[in-house]
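Residue numbers (this note's numbering), protein chains in the order written: chain E, 76 to 458; chain X, 131 to 410.
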């Protein structure tokens, strides 16, 4: 016995095609059932031209679910369309409610989305994107203004500063960042020394590895690696924290309680970051130099005393401090973008993830652009 | 009757082939059997020896004070948390010791509506309803689309809602969409976690009516955690009260005669009496 016969027994009674449903018309057999019903063709008209009739007997149907009822409906509709009304008989009482419910639901017309014209759509997309970008720029600038006024307000009224929050964020963005930042800086120092030594040894100028390390790490590498790690670690955390609070309506709750989210959430985060970033940069510089010194000792037999002595030749005051000038600016950018994106979160959990990604990408982008700007600026004013 | 290659647990007469567990006699008319359930969280006992039978085709309402473990009971029944002791048999299967394949097959026979619908926020309503159908069946794509359309219409959503994302819907519509997804695979058991919470009275009454009509039409067994006295009187056949880590089962009338102070306050307070009055 094939599956088709198990679900539907086809016989004929004169000009009438008699179909007897059997077994269970349910989801699990819907594929077979659909093909079986699809294969039923209306009987040919008799000699007098009267169209053949179809009778479907549901009396021995053991189980029926919504998919079965839907296929039944589709079968009836198809034959009705071909001008062969199907006579459905012997419906079991326990199936009536289900069939009624499904058939009623199946009558609801689907709403198809309007087909858009491609050219219009392209123009519309570009227009929307431009408007969005310009609005975002204006909003970011206005957010910068808000942050500045809030910072000034806190500086003028130091009692409004949330010390607990500030210390908490300094701990999380600063202290807890030390292990990973130290490890990565050390490795960067090692790699730089290794690559430098390889090249400079050919010229017999091994000792200049120290100059290379000193200048590149103190001026550029240390601060960049710190900024990138802080953006990935703390900038993303700011967005996720504030974003989740936004989803939970905690930000609205703060406002209704007469508390300023700017002062409560944004200022402590940005201020904490601006305070710890120079410290982190200094730490990263020292660890990277230490990594370089270790590698110089191993590869080139330059001991620590020689390393430090040699280091003092090319490095002047400004070389050692430009990174400290950049650090608070980068901290402001990372903190601002992190908090701004967090406040832009809307509605869903998905939006939190989206904004967090955006926050990290934007802040790293801005940090690198600003760093290039600083390089030009510093070389112009000879520091 | 030959069945195309589907999982053996998904066959039509799967139910009758269910093995009885020796210490809990299996009865086909009881779809959920809970025996001696104990759940604990970090030393805090939530349930202490809870027994419950959910009969085929009934609507059971579970009530209890906030924090009394209503939602925990629901999570235990769907296998999201592991009980510390006791047995939970869903359709005759002990859900604790099941292999992954059998558990998935069993989950396909139960539909769950979480509190706020728990729709996947990155998918549209129609795609949400599609997910279980695509994952658990091998239906042709056109038929799946048709089934999705019917399910969305059956829960009373306008067809324009199908292409919308959950964040574009109101709370009541999200619940309806969640219900459509829970019903996608034509489950035998429907578990609802506070289905009317957060709806206005008219919306709540309409949702109650919807569950009642679907339960009647599809022959569902409904296990419903609720706070809503109106839902209890409108659609629940029996009511289980979680109080002091134990479960007490009865009807609205019988529970009103209870002497336990919490249960008495719950059903014979002003709101309880009003709901009963409206229901009768």
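We treat Cβ as the ideally placed atom computed from N, Cα and C, and that holds for glycine. Quick caveat, the model's predicted, so the values are computed rather than measured.
Buried or exposed: which applies to residue i, given that a residue is buried once 16 or more other Cβ atoms fall within 10 Å of its Cβ?
i, result
"residue 223 of chain E", "exposed"
"residue 321 of chain E", "buried"
"residue 207 of chain E", "exposed"
"residue 226 of chain E", "buried"
"residue 174 of chain X", "exposed"
"residue 336 of chain E", "buried"
"residue 271 of chain X", "exposed"
"residue 353 of chain E", "buried"
"residue 238 of chain X", "buried"
"residue 201 of chain X", "buried"
"residue 195 of chain E", "exposed"
"residue 156 of chain E", "exposed"
Provide the residue span of the alpha helix (DSSP H) that contains residue i, from first to last.
i, result
"residue 230 of chain X", "230-237"
"residue 162 of chain E", "No alpha helix (DSSP H) contains residue 162 of chain E, which is instead part of the beta strand (DSSP E) from 161-164."
"residue 113 of chain E", "105-114"
"residue 394 of chain E", "392-419"
"residue 214 of chain X", "No alpha helix (DSSP H) contains residue 214 of chain X, which DSSP labels as neither H nor E."
"residue 284 of chain E", "283-291"
"residue 433 of chain E", "424-455"
Would you kindly report the start and end of the unbroken beta strand (DSSP E) that includes residue i?
i, result
"residue 194 of chain X", "189-194"
"residue 368 of chain X", "368-373"
"residue 353 of chain X", "351-355"
"residue 269 of chain X", "No beta strand (DSSP E) contains residue 269 of chain X, which DSSP labels as neither H nor E."
"residue 87 of chain E", "83-88"
"residue 219 of chain E", "That residue, residue 219 of chain E, is in no beta strand (DSSP E); its alpha helix (DSSP H) goes 193-231."
Skipping 5 residues on each side, what residues in its chain have a beta carbon closer than 6 Å to that of residue i?
i, result
"residue 179 of chain X", "166"
"residue 354 of chain X", "191, 322"
"residue 452 of chain E", "none"
"residue 341 of chain E", "414"
"residue 133 of chain E", "96, 165, 166"
"residue 109 of chain E", "146"
"residue 281 of chain E", "275, 375"
"residue 386 of chain E", "285, 289"
"residue 138 of chain E", "99, 101"
My assumption, with CB atoms under 8 Å, is that residue i sits in contact with residue j. Please give the rounded CB distance.
i, j, result
"residue 304 of chain E", "residue 256 of chain E", "5 Å"
"residue 241 of chain E", "residue 346 of chain E", "6 Å"
"residue 243 of chain E", "residue 374 of chain E", "Not really, about 43 Å apart at Cβ, beyond 8 Å."
"residue 140 of chain E", "residue 101 of chain E", "5 Å"
"residue 297 of chain X", "residue 251 of chain X", "6 Å"
"residue 285 of chain E", "residue 382 of chain E", "6 Å"
"residue 297 of chain E", "residue 363 of chain E", "6 Å"
"residue 247 of chain X", "residue 168 of chain X", "Wrong, their Cβ atoms sit about 31 Å apart, outside the cutoff."
"residue 174 of chain E", "residue 131 of chain E", "No, residue 174 of chain E and residue 131 of chain E are not in contact; Cβ-Cβ is about 12 Å, not under 8 Å."
Can you tell me which of the options puts its alpha carbon nearest to the alpha carbon of residue i?
i, options, result
"residue 240 of chain X", "X:226, X:317, X:247", "X:317"
"residue 389 of chain E", "E:292, E:96, E:348", "E:292"
"residue 293 of chain X", "X:395, X:275, X:309", "X:275"
"residue 504 of chain E", "E:358, E:235, E:382, E:406", "Past the edges of chain E, shown from 76 to 458, lies residue 504 of chain E, and the structure says nothing about it."
"residue 129 of chain E", "E:143, E:145, E:400, E:84", "E:84"
"residue 257 of chain X", "X:162, X:238, X:281, X:352", "X:281"
"residue 309 of chain E", "E:332, E:327, E:411, E:121", "E:411"
"residue 341 of chain X", "X:331, X:329, X:325, X:332", "X:325"
"residue 161 of chain E", "E:179, E:115, E:441, E:344", "E:115"
"residue 171 of chain E", "X:379, X:233, X:344", "X:344"
"residue 90 of chain E", "E:113, E:286, E:123, E:82", "E:123"
"residue 142 of chain E", "X:332, X:284, X:371, X:199", "X:284"
"residue 219 of chain X", "X:277, X:289, X:162, X:170", "X:162"
"residue 168 of chain E", "E:135, E:148, E:396", "E:135"
"residue 301 of chain X", "X:393, X:205, X:363, X:328", "X:328"
"residue 439 of chain E", "E:351, E:107, E:408", "E:408"
"residue 349 of chain X", "X:375, X:313, X:261, X:232", "X:313"
"residue 352 of chain X", "X:378, X:368, X:360, X:359", "X:368"
Below 8 Å CB to CB, which residues in the same chain sit around residue i once its five sequence neighbours on both sides are set aside?
i, result
"residue 254 of chain X", "292, 293, 294, 295"
"residue 393 of chain E", "453, 458"
"residue 87 of chain E", "93, 118"
"residue 330 of chain E", "336"
"residue 456 of chain E", "none"
"residue 395 of chain E", "293"
Return the chain-ordered list of same chain residues with a C-beta closer than 7 Å to the C-beta of residue i, the five sequence neighbours on each side being excluded.
i, result
"residue 433 of chain E", "416"
"residue 313 of chain E", "344, 410, 413, 414, 417"
"residue 319 of chain E", "427"
"residue 304 of chain X", "246, 247, 249, 296"
"residue 403 of chain E", "349, 352, 353"
Cβ of residue i less than 8 Å from any chain C Cβ?
i, result
"residue 423 of chain E", "No chain C appears in the structure shown, which is made up of the protein chains E and X."
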